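Numbering (the working numbering), first residue to last: 5 to 160.
A short write-up of the structure that comes next.
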């Protein structure tokens, strides 16, 4: 049974959950597609500016790492996809496109709590799974060929 990724539920509150989920992954080593979905910086319990104001192709991983690890924010929807530096960053929209592309990692957050991760590196996927468990996230499960019902790799 081939493991495609994992799913889990994160708390519906402000925090650094993207940074926490990405902890085992070398975020800075990649260029990222950022769907510019819906997430906001938080400042003393107040939601302020958009975390990702625009859809971005080729977002530098160093910048993304800084944003998600060093700020508090509230996520409603997120769509992040990692590509090796120097490769073309595109918005892969299906699992089949993902498999054929240079994209190495996908992180999707839907409705504040539902996280879906896809990772081509099986060893790294195992680390991501253990990390999600150690963070105390609920319903941590591997996504396989048999149980993946997602038709699009998108928050929408």
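Note that beta-carbon positions come from the ideal geometry of N, C-alpha and C, so glycine has one too.
These numbers come from a predicted model, not from an experiment.
- The stretch 43 to 106 contains, as complete alpha helix (DSSP H) runs of 4+ residues, the segments 65 to 73, 99 to 104 (chain order).
- Annotated as distal: residue 35 and residue 70, with beta-carbon spacing of 8 Å or more.
- By alpha-carbon distance to residue 58, the top candidate from 84, 142, 151, 74 is 84.
- Counting every other CB atom within 10 Å of its CB across the protein chains shown gives residue 90 a total below 16, marking it as exposed.
- The Cβ atoms of residue 102 and residue 110 lie closer than 8 Å to each other.
- CA-CA distance, residue 98 to residue 22, rounds to 22 Å.
- When rounded, the separation of the alpha-carbon atoms in residue 52 and residue 82 is 17 Å.
- In the three-state scheme derived from DSSP, where H, G and I count as helix and E and B as strand, residue 134 is classed as helix.
- Nearest to residue 144 by alpha-carbon distance, out of 121, 54, 32, is 121.
- Each residue's CA atom was taken as its position, placing residue 78 and residue 50 some 10 Å apart.
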